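Heads up: the structure comes next, in structure tokens.
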Amino acid sequence: MDEVSYVLRALVGEVGEKVLMLLLEHEEGLDDEEIAEKLGLRINDVRRALYELAKMGFVEQQRIARGELARHSYRWRTDKGMIARALLQRKRATLKKLEERLAVEESSVLYLCPIDGYRYTFDEAFENYFTCPRCGSDLIEINNEEIKKVLRQLVDKLREEIARDEAALSRSV
Ligand SMILES: [Zn+2]
-15 MDEVSYVLRA LVGEVGEKVL MLLLEHEEGL DDEEIAEKLG LRINDVRRAL
35 YELAKMGFVE QQRIARGELA RHSYRWRTDK GMIARALLQR KRATLKKLEE
85 RLAVEESSVL YLCPIDGYRY TFDEAFENYF TCPRCGSDLI EINNEEIKKV
135 LRQLVDKLRE EIARDEAALS RSV
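In this note's numbering, the protein residues as written are -15 to 157.
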């Protein structure tokens, strides 16, 4: 878990990470009170963390009948496969955002007034004959090659990572 631990903490926070690690040690599941007690945390903090974890697919809730009175209670559980699939989901969502951002960067040309610093889209610059409507200076094209380069590198890296994760998950099924 070490190499994903850092990613996990960024995603689920410190409390979320503690809850996940505890649940991994108790694959039969624990209820929220047991989790709070074992971790020495406030029940409300634990519930908030569980809710966030469930929303991202890192944990699931199980309804269990207890005793003869059939009182129902809920347990939370997870396993390594569930965590791996949830992480993969987050990576796919991140990749989608990066691809969208890259598409915007690739299709947009921005123009800058060197005198007052105002920025214009291509259409705005075109309508004003590539001069600043505020001060009349010639507009200059802003170079976003650096941003595009960084975005492409991130997209490539994430695509490779996702392909690796998918292969690992399909082997473990
Ligand atoms: Zn200007």
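Glycine is no exception: its CB is placed at the ideal position from the N, C-alpha and C atoms.
Since we're looking at a predicted model, the values are computed, not measured.
Check your understanding: Taking 6 angstroms as the cut-off, is the CB of I99 close to at least one heavy atom of ligand 1?
Key -> yes
Exercise for review: Quick one: measure Cβ to Cβ for L23 and L6, integer angstroms, because I've assumed they're closer than 8 angstroms.
Suggested key: 6 angstroms
Exercise for review: Would you list the one or two residues that DSSP bridges to T105?
Suggested key: L94
Check your understanding: Shortest alpha-carbon distance to M40 belongs to which of I27, H10 and A77?
Key -> A77
Practice item. Evaluate M(-15) with the Cβ neighbour count: other Cβ atoms within 10 Å of its Cβ, from every protein chain shown; 16 or more gives buried, anything less gives exposed. Key: Summary for M(-15): the model assigns pLDDT 47, below 50, so the residue's position carries little reliability, and this model does not support an answer.
Review point. Using a Cβ-Cβ cut-off of 6 angstroms (strictly less than) and excluding sequence neighbours within five positions of N128, which residues of its own chain qualify?
Key: E89
Review point. My guess is that A68 and F42 are in contact by the Cβ rule of under 8 angstroms, so how many angstroms apart are they, rounded?
Key: About 10 angstroms; that fails the 8 angstroms criterion.
**Study point:** Boundaries (first-last residue) of the beta strand (DSSP E) holding I131
**Key:** Note, I131: premise wrong, no beta strand (DSSP E); alpha helix (DSSP H) at E129 to S156.
Review point. For S156, which option in V93, D29, M66 and H10 has the closest C-alpha, if you only look at C-alpha atoms?
Key: M66
Exercise for review: Inspect the beta-carbon positions of V(-9) and A33 and report whether they are closer than 7 angstroms.
Suggested key: no
Point to revise | Near ligand 1: R103 beta-carbon under 6 angstroms from a heavy atom | key: no
Point to revise | R118 beta carbon near ligand 1 (any heavy atom closer than 6 angstroms) | key: yes
Check your understanding: Per DSSP, T115 forms a beta bridge with which residues?
Key -> D122
Point to revise | Pairwise C-alpha distance: K2 and K81 | key: 28 angstroms
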